[in-house]
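What follows is a single structure, written as structure tokens, with notes after it.
2 protein chains.
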Amino acid sequence: MKRSNLNIGIIGIGNIGLQVLKQLTLNSQLNKLFSVESVLVRDKQKYTKIISEDNEFKNEIDNVLEKITDNEDDFFSNNNIDILIELIGGIDPAYRYVKRALESKKHVVTANKDLIATHIEELLQLSKDNSVKLRFEGSVGAGIPIIEVLSDMLKQNQIKKITGIINGTSNYILSSMFENSSDFEDVLKEAQDLGFAESDPTNDVEGFDAKFKINILGSIAFGTRIPLETVYVKGISGVSNKDMNYAKEFGYNIKLLAITEKSSEGIYSNISPALVSLSQPISKVGGNYNAVEILGDLVGNLWIQGEGAGKNSTSSAVLGDLMGIYYRSSDDVNLSGNKENYLSKEEVMIRNYIRLSVEDKYGVLSEISGIFSKNEISIASVIQKDIDNDQDVVDLVIMTHDSKGVNFDIAIDSVSKISSVKEKPVVIRIND
Amino acid sequence: MKRSNLNIGIIGIGNIGLQVLKQLTLNSQLNKLFSVESVLVRDKQKYTKIISEDNEFKNEIDNVLEKITDNEDDFFSNNNIDILIELIGGIDPAYRYVKRALESKKHVVTANKDLIATHIEELLQLSKDNSVKLRFEGSVGAGIPIIEVLSDMLKQNQIKKITGIINGTSNYILSSMFENSSDFEDVLKEAQDLGFAESDPTNDVEGFDAKFKINILGSIAFGTRIPLETVYVKGISGVSNKDMNYAKEFGYNIKLLAITEKSSEGIYSNISPALVSLSQPISKVGGNYNAVEILGDLVGNLWIQGEGAGKNSTSSAVLGDLMGIYYRSSDDVNLSGNKENYLSKEEVMIRNYIRLSVEDKYGVLSEISGIFSKNEISIASVIQKDIDNDQDVVDLVIMTHDSKGVNFDIAIDSVSKISSVKEKPVVIRIND
Numbered sequence: 009m010k011r012s013n014l015n016i017g018i019i020g021i022g023n024i025g026l027q028v029l030k031q032l033t034l035n036s037q038l039n040k041l042f043s044v045e046s047v048l049v050r051d052k053q054k055y056t057k058i059i060s061e062d063n064e065f066k067n068e069i070d071n072v073l074e075k076i077t078d079n080e081d082d083f084f085s086n087n088n089i090d091i092l093i094e095l096i097g098g099i100d101p102a103y104r105y106v107k108r109a110l111e112s113k114k115h116v117v118t119a120n121k122d123l124i125a126t127h128i129e130e131l132l133q134l135s136k137d138n139s140v141k142l143r144f145e146g147s148v149g150a151g152i153p154i155i156e157v158l159s160d161m162l163k164q165n166q167i168k169k170i171t172g173i174i175n176g177t178s179n180y181i182l183s184s185m186f187e188n189s190s191d192f193e194d195v196l197k198e199a200q201d202l203g204f205a206e207s208d209p210t211n212d213v214e215g216f217d218a219k220f221k222i223n224i225l226g227s228i229a230f231g232t233r234i235p236l237e238t239v240y241v242k243g244i245s246g247v248s249n250k251d252m253n254y255a256k257e258f259g260y261n262i263k264l265l266a267i268t269e270k271s272s273e274g275i276y277s278n279i280s281p282a283l284v285s286l287s288q289p290i291s292k293v294g295g296n297y298n299a300v301e302i303l304g305d306l307v308g309n310l311w312i313q314g315e316g317a318g319k320n321s322t323s324s325a326v327l328g329d330l331m332g333i334y335y336r337s338s339d340d341v342n343l344s345g346n347k348e349n350y351l352s353k354e355e356v357m358i359r360n361y362i363r364l365s366v367e368d369k370y371g372v373l374s375e376i377s378g379i380f381s382k383n384e385i386s387i388a389s390v391i392q393k394d395i396d397n398d399q400d401v402v403d404l405v406i407m408t409h410d411s412k413g414v415n416f417d418i419a420i421d422s423v424s425k426i427s428s429v430k431e432k433p434v435v436i437r438i439n440d
Numbered sequence: 009m010k011r012s013n014l015n016i017g018i019i020g021i022g023n024i025g026l027q028v029l030k031q032l033t034l035n036s037q038l039n040k041l042f043s044v045e046s047v048l049v050r051d052k053q054k055y056t057k058i059i060s061e062d063n064e065f066k067n068e069i070d071n072v073l074e075k076i077t078d079n080e081d082d083f084f085s086n087n088n089i090d091i092l093i094e095l096i097g098g099i100d101p102a103y104r105y106v107k108r109a110l111e112s113k114k115h116v117v118t119a120n121k122d123l124i125a126t127h128i129e130e131l132l133q134l135s136k137d138n139s140v141k142l143r144f145e146g147s148v149g150a151g152i153p154i155i156e157v158l159s160d161m162l163k164q165n166q167i168k169k170i171t172g173i174i175n176g177t178s179n180y181i182l183s184s185m186f187e188n189s190s191d192f193e194d195v196l197k198e199a200q201d202l203g204f205a206e207s208d209p210t211n212d213v214e215g216f217d218a219k220f221k222i223n224i225l226g227s228i229a230f231g232t233r234i235p236l237e238t239v240y241v242k243g244i245s246g247v248s249n250k251d252m253n254y255a256k257e258f259g260y261n262i263k264l265l266a267i268t269e270k271s272s273e274g275i276y277s278n279i280s281p282a283l284v285s286l287s288q289p290i291s292k293v294g295g296n297y298n299a300v301e302i303l304g305d306l307v308g309n310l311w312i313q314g315e316g317a318g319k320n321s322t323s324s325a326v327l328g329d330l331m332g333i334y335y336r337s338s339d340d341v342n343l344s345g346n347k348e349n350y351l352s353k354e355e356v357m358i359r360n361y362i363r364l365s366v367e368d369k370y371g372v373l374s375e376i377s378g379i380f381s382k383n384e385i386s387i388a389s390v391i392q393k394d395i396d397n398d399q400d401v402v403d404l405v406i407m408t409h410d411s412k413g414v415n416f417d418i419a420i421d422s423v424s425k426i427s428s429v430k431e432k433p434v435v436i437r438i439n440d
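Okay, here's the thing in structure tokens:
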């Protein structure tokens, strides 16, 4: 579509919403294409104050203040609004707002990953039924145009695999652990103090945020709605300073990888900490960056990296989506109803790093390797590390070749029951 | 635009053209949108043979062969052709063909960097005058969608700087010099034997290929036609194994960087070998990859990397351009007629690495640093390296702080005239 001017309704002016409102109000380039018609907030007084005190709005203050409303019905019955920008986050009431907008034939732009990952199929269908567009670039990797690049790329490529570092908090913590040999808990506390981690960090460090994001990317890449429950999720709270140091010693880093891939057997999606060779660029993605690698049959490996959070980067995505509505003639994302097979961790081949605390006595290694061998797991390397303690206990660090998940689980269960194995084995996948 | 089916004319079926023809003929996804109407070649017999012997065309052989023609007038008078794909490369006769197509209201897709860099303004104008589109994603970085990402990004961002590794041959040579401590000439010969460098490598190793590409990116980013003659160009043929080793010792790599940036003073574009800190991701871009970093005011640093050459990657770009014509409602690239100031190397601030061969005697360093100081150049570090020879000559490796190009040139000219300085000074810029 292309019209002389599109009218915007914004819901939510927190950090990102305020920046979007500023750009739409003050940037003369954007002004030519879009006008802000109405801004729905929960507390009119609070936001009137925030905007009044913001010097950047100075010359436009009356103009902006008269757009602010806290009346939901007024907002939704405003027929002048062509596009809704939803920036409140979370599922309720965002879900209700977005549905209401689509049903009344308004385009929707959102940066809400929870909402999109949970309701992508229904909302896309609703947008098609009402001949409007639904865009959500900011829901993954903020201003990194990953959804656009991916949707465009798959028009002429078969996508085989997507590998991403898409949770900023986890990447900050792991990067800091790698650089400073710190413990998870200490770095988490520091990240919380600096505002890089939330006071309840569960969503980030346990991988749920990354799960939503890889689900969105995988659904787009494979053109089908990947059920959220098929995504295997393991967070980084179990990654210790000791394992990070061993990884480093062996030429690896540990990163929280989000992976979705499609083989002839099915689609496998997972979030888990992984050993990544220091020779791979993904091992170098610094604390405040997100990165996504797309493997396509023609394009090969395509790598895109940028600032994966922040009001500026996210507002770049939101404004880019507005441009997409203005300039593009079709929706980018199409989900077929194709039935796909979804693989579990047990069904796929994975290489693993295992750290065992074992009694330093004759026959232990032989017993352990016997169990692996019986379960068709071949060992790539074993290193024994003396640790400084009174008991006669050493670390045994084992790296396996590719082995089937189900076999590995049986083997590690047997290993953990050996009497000489003193602690629960630590297992981290190796990404090759 | 969006139509049920667009008819394609292809000129040139070398490596890339043949892959594009295959995709358009055999890929059922592409088949739905595009039909190949005619293929213009210079030597009909030769290409009839090539196609007949290509097993992949087996089931479509008659269908494909009847499209091949060597009659230019037949090809151009075919009113069924909606889009011309030009894949012959070079300026003549590609320039004539592309103009002829645009004038007869056919869209054009090309991967021809020489043509686009030389005639971008005229060809874009011609496409606008005739209400058709001109797309050239494959002209920079093959399948990496850099032109699309850049054009989309600048709709909502002010682009400040683009930094790229965009010549595969040079990057292969420098990467190999870094990894194997080899000499430029040896690696070049090896690259030629492997087919990674042409028998006349001038265009690649002297920076002319990168100059065309950065000119295209800069013109798009700053919305103005950057005159080719304002791009400073220095190739990699002067980079020695010795300098690569010193760079490595000090924590740097040497890469051929293509940079274009806009400040309040003007636009400065340059191609030159540069010391890049090993902590920067650009220092790790491997031999067969291209990478481009875009700095935008909202999005921050955005990094995109992929396979910058090859028939598959380039055909992904060409097919992506076809999709762009199909799905996008407007041209992406707009050049204003804005007058800009263009800066020369003499006017900008640059940090430099300097290697001098000097007599190992009292007072030399003082004389040299005196000259730098007089020209307002402050020295960040000086390291003297004994070299194994009979004469009493040592290497003096100097790194400066930022200094103005014109001052630096005067200083280095004076330094080279000191009697104790035994060889022409080696100068390589440092990228921070």
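One line per chain: the protein sequences are G and Z, in this order.
The opening residue of the first sequence carries number 9 in our numbering; numbering runs sequentially from there.
The opening residue of the second sequence carries number 9 in our numbering; numbering runs sequentially from there.
In this text, a Cβ means the ideal position worked out from N, Cα and C, and glycines have one as well.
All values reported here derive from a predicted model rather than from experimental measurement.
Among G:Ser422, G:Glu130, G:Ser178 and G:Ser321, which has the Cα closest to the Cα of Gln166 of chain Z? Comparing alpha carbon positions, the residue from G:Ser422, G:Glu130, G:Ser178 and G:Ser321 closest to Gln166 of chain Z is G:Ser321.
Alpha helix (DSSP H) containing Tyr334 of chain Z: first to last residue? Taken as a continuous stretch (DSSP letters only), the alpha helix (DSSP H) holding Tyr334 of chain Z covers Lys319 to Tyr335.
Can you tell me where the beta strand (DSSP E) holding Ala388 of chain Z begins and where it ends? Its beta strand (DSSP E) spans residues Ile387 to Asp394.
If we ignore side chains and look at the alpha-carbon of each, how far apart do Leu327 of chain Z and Lys141 of chain Z end up? When rounded, the distance between both Cα atoms is 14 Å.
Could you tell me whether any Cβ in chain G is nearer than 9 Å to the Cβ of Ser337 of chain Z? Taking Cβ atoms only, chain G reaches closer than 9 Å to Ser337 of chain Z, which makes this a yes.
Could you tell me how far apart the beta carbons of Leu48 of chain Z and Phe83 of chain Z are, in whole angstroms, since I believe they sit closer than 8 Å? Their Cβ separation, rounded to whole angstroms, is 4 Å, which keeps Leu48 of chain Z and Phe83 of chain Z in contact under 8 Å.
Cβ closer than 7 Å: which chain G residues qualify as neighbours of Ile152 of chain Z? Ordered by position in chain G, the residues that pass the 7 Å Cβ test against Ile152 of chain Z are Leu310.
If we cut at 9 Å on Cβ distances, does Asp403 of chain Z have a partner in chain G? Against chain G, the CB of Asp403 of chain Z has no partner CB under 9 Å away; the residue lies outside that interface.
Mind listing the chain Z neighbours of Gln313 of chain G? Cutoff is C-beta to C-beta under 7 Å, in chain order. Correct list: Trp311.
Between the Cα of Ile19 of chain G and those of G:Gly345, G:Asn39, G:Gly97 and G:Glu74, spot the shortest distance and give me the residue it belongs to. Of the listed residues, the one whose Cα sits closest to Ile19 of chain G is G:Gly97.
Assigned secondary structure, Val341 of chain G (DSSP; H/G/I helix, E/B strand, else coil): In the structure shown, Val341 of chain G sits in coil (DSSP, three-state: anything other than H, G, I, E or B).
Straight-line Cα distance separating Thr408 of chain G from Asn360 of chain G: Rounded to whole angstroms, the separation of the alpha carbons of Thr408 of chain G and Asn360 of chain G is 5 Å.
Using 8 Å as the cut-off, classify the Cβ of Pro235 of chain G as near or not near the heavy atoms of the ligand GTP, replying yes or no. Judged by which ligands are present, the structure shown has none, so any question about the ligand GTP falls away.
With 16 other Cβ atoms within 10 Å as the buried cut-off, status of Asn13 of chain Z: Result: exposed.
Determine the chain Z residues that contact Met161 of chain G at a beta-carbon separation under 8 Å, and present them in chain order. Those within 8 Å of Met161 of chain G in chain Z are Pro153, Ser324 and Gly328.
Can you give me the C-alpha to C-alpha distance between Ser147 of chain Z and Pro101 of chain Z, rounded to a whole angstrom? Each residue's alpha carbon lies about 17 Å from the other.
Is any beta-carbon of chain G found at less than 9 Å from that of Gly304 of chain Z? Gly304 of chain Z counts as touching chain G.
Considering just the uninterrupted stretch of the alpha helix (DSSP H) at Glu187 of chain G, what are its terminal residues? It spans Gly176 to Asn188 - the alpha helix (DSSP H) in which Glu187 of chain G sits, taken as one unbroken run.
Please confirm whether Ser422 of chain Z has its beta-carbon closer than 9 Å to some beta-carbon of chain G. Chain G, which has no Cβ nearer than 9 Å to the Cβ of Ser422 of chain Z, makes this no.
Compare the Cα-Cα distances from Ile395 of chain Z to each of Z:Ser337, Z:Asp403 and Z:Ala388 and report the closest residue. Here the closest residue by C-alpha is Z:Asp403.
Where DSSP assigns a beta bridge to Gln313 of chain Z, which residues make up the other side? According to DSSP, Gln313 of chain Z bridges with G:Trp311 and Z:Ala299.
Any idea if Pro235 of chain Z is buried or exposed, counting beta-carbon neighbours within 10 angstroms, 16 or more meaning buried? It is exposed - the Cβ of Pro235 of chain Z has fewer than 16 other Cβ atoms within 10 Å.
Residue environment, Ser424 of chain G, which counts as buried when at least 16 other CB atoms sit within 10 Å: With fewer than 16 Cβ atoms within 10 Å of its Cβ, Ser424 of chain G is classed as exposed.
By how many angstroms is the C-alpha of Ile173 of chain Z removed from the C-alpha of Ala199 of chain Z? C-alpha separation (whole angstroms): 18 Å.
DSSP bridge partner residues for His115 of chain G (one or two, in chain order): In DSSP, His115 of chain G forms a bridge with G:Ile91.
Using 9 Å as the limit for Cβ to Cβ distance, is Ile93 of chain G near chain Z? Put simply, the CB of Ile93 of chain G is far from chain Z, with every gap to its CB atoms at 9 Å or more.
Where do the ends of the alpha helix (DSSP H) carrying Val213 of chain G lie? Counted as a single uninterrupted DSSP element, the alpha helix (DSSP H) harbouring Val213 of chain G occupies residues Thr210 to Val213.
On the three-state DSSP scale, how would you describe Val402 of chain Z? Three-state result, Val402 of chain Z: strand.
Neighbour list for Asn320 of chain G in chain Z, Cβ cutoff strictly below 7 Å: Against Asn320 of chain G, the close residues of chain Z are Leu306 and Gly308, in the order they occur along the chain (beta-carbon pairs closer than 7 Å).
Exposure label - Leu162 of chain Z; buried when at least 16 CB within 10 Å: Around the CB of Leu162 of chain Z, 16 or more other CB atoms lie within 10 Å, so the residue is classed as buried.
Measure the beta-carbon distance from Ile228 of chain G to Ser159 of chain G and round it to whole angstroms, keeping in mind my assumption that it falls under 8 Å. So it is a contact: roughly 6 Å between Cβ atoms.
Any chance the region 19-39 of chain Z sits against the region 63-76 of chain Z, with 3 or more Cβ pairs inside 8 Å? Yes, since at least three Cβ pairs between the region 19-39 of chain Z and the region 63-76 of chain Z fall closer than 8 Å, the two stretches touch.
Please check if any C-beta of chain G sits within less than 9 Å of the C-beta of Asn175 of chain Z. Taking CB atoms only, Asn175 of chain Z has no neighbour in chain G less than 9 Å away.
Would you say Gln164 of chain G lies against chain Z (beta-carbon separation less than 9 Å)? Taking Cβ atoms only, chain Z reaches closer than 9 Å to Gln164 of chain G, which makes this a yes.
List the endpoints of the continuous alpha helix (DSSP H) containing Phe83 of chain Z. Looking at the DSSP string, the run of the alpha helix (DSSP H) that includes Phe83 of chain Z is Glu80 to Phe84.
What residues in its chain sit with their C-beta under 7 Å from that of Asn415 of chain G, if we drop five residues either side in the sequence? The beta carbon of Asn415 of chain G sits closer than 7 Å to the beta carbons of Asn383, Glu384 and Ile385 from its chain, once the five residues preceding and following it are set aside; these are given in chain order.
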